[in-house]
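In this note's numbering, the protein residues as written are -6 to 111. Report on one structure; see the data block that follows.
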Amino acid sequence: MRFLITGGAGFIGAALANTLVRRGHAVRVLDDLSSGDAARLDTTVNFTRGDVEDKPKMWRLLDGVDCVVHLAARVSVPESVLYPREYNRTNVSGTVAMMEAMRDAGIKRVVLASSGAV
């Protein structure tokens, strides 16, 4: 299968991406690197730095993908109380933008992970 993992340079996303490529799957990762590190990724993972709200970038990355694993999120509960607008933009608006891009691209499979900071 061909996967796109948003937030894929984070701890969980990188572990998943590396496992999937070891099992023979094609993996693309989108991450803004606000808390991730692209160095965690196997060299065969196709990494793109960016934001899930960038629809043209999402459309390009979704081309030919079978499934999206959506892990992109801001996750600090104390920060979410201090910066609710920023957390809403990433965790809610970012998820909606990603789902719209998936709809536009005809992608029907998604694995959605949530955050304690929702």
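Where is the CB? At the ideal position from N, CA and C, for every residue including glycine. For clarity, every value in this text was computed on a predicted model and none was experimentally measured.
The secondary-structure analysis by DSSP pairs ARG21 across a beta bridge with LEU(-3), ASN39. Residue pairing by DSSP puts VAL104 in a beta bridge opposite VAL62. Here ASP59 is exposed. Its C-beta has fewer than 16 other C-beta atoms within 10 Å.
Approximately 18 Å separates the beta-carbon atoms of ASP56 and ARG42; this is outside 8 Å, ruling out the contact. In this structure VAL62 is in contact with VAL104, their Cβ atoms being roughly 5 Å apart against a cut-off of 8 Å. Put simply, the stretch 30 to 37 touches the stretch -2 to 14. At least three CB pairs are less than 8 Å apart. Annotation: ASP44 is outside any alpha helix (DSSP H) and is labelled neither H nor E by DSSP.
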